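Quick notes on the structure that follows.
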Amino acid sequence: KLTASTTFESGKIENLISHTPCACNMHSQVNAHFIIDFQKVSIAPTKYSLRHTDSRDTECLRNCKLEASKDGQTWVLMRDHKDDQSIAAKSQAFTWDINDPKKEFYRYFKLEQTGNNSANSTYLNLAGCEFYGAIRFFQ
Numbered sequence: 577k578l579t580a581s582t583t584f585e586s587g588k589i590e591n592l593i594s595h596t597p598c599a600c601n602m603h604s605q606v607n608a609h610f611i612i613d614f615q616k617v618s619i620a621p622t623k624y625s626l627r628h629t630d631s632r633d634t635e636c637l638r639n640c641k642l643e644a645s646k647d648g649q650t651w652v653l654m655r656d657h658k659d660d661q662s663i664a665a666k667s668q669a670f671t672w673d674i675n676d677p678k679k680e681f682y683r684y685f686k687l688e689q690t691g692n693n694s695a696n697s698t699y700l701n702l703a704g705c706e707f708y709g710a711i712r713f714f715q
């Protein structure tokens, strides 16, 4: 299940986790974010990937944080990006390590833009988000 803090200029919410490049641009909003609820599984993440929209080379994500939660209420910081230049072109993807020393399992993941993008605006433009690690199915 996906939820987003704002509506979409192009694309739709499902495009945030697309497996293929597509256009997905959220409307401008300070601290724009989306939450993935895996519902029937929890993940002990070791890495995650993000892919920029295929509609433009600009407005690439630079400042954001990835948080995880077991209950959707209490969040644990997994990674904090400050002026991260890893993504710089349309449809470009990048994979980062997650160093969770406790190796906990989480059901919810939230990606929040915490500052301006590469065009100095607050549009959150992503068309792909993947997690890697161990999976635990709920009974």
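The numbering of the sequence shown is our numbering, which starts it at 577 and goes up by one. Cβ coordinates follow ideal geometry from the N, Cα and C atoms, glycine included. Source: prediction; values computed, not measured.
* Three-pair Cβ contact test at 8 Å for the region 614-624 versus the region 583-593 -> no
* Asked: Opposite Asp613 in the DSSP bridges: which residues?
  -> Tyr684
* To do: Going by DSSP, name the residue or residues bridged to His657.
  => Cys640
* Asked: Leaving out the 5 sequence neighbours to the left and right, which residues in its chain are closer than 6 Å to Gly691 when beta-carbon positions are compared?
  -> Asn639
* Asked: By Cβ distance, which residues of its chain are closer than 7 Å to Glu706, with the 5 residues on each side in sequence left out?
  -> Tyr624 and Ser625
* Asked: When the Cα atoms are used, what is the spatial distance from Gly704 to Thr650?
  -> 25 Å
* **Cα-Cα separation, Ser662 to Lys646** => 28 Å
* Asked: Once you ignore the five residues that flank Phe670 on each side, which residues in its own chain have a CB closer than 6 Å to its CB?
  -> Ser662 and Ile663
* Collapsed DSSP secondary structure at Glu585 in the structure displayed -> strand
* From which residue to which residue does the beta strand (DSSP E) around Asp673 run? -> Ala669 to Asp673
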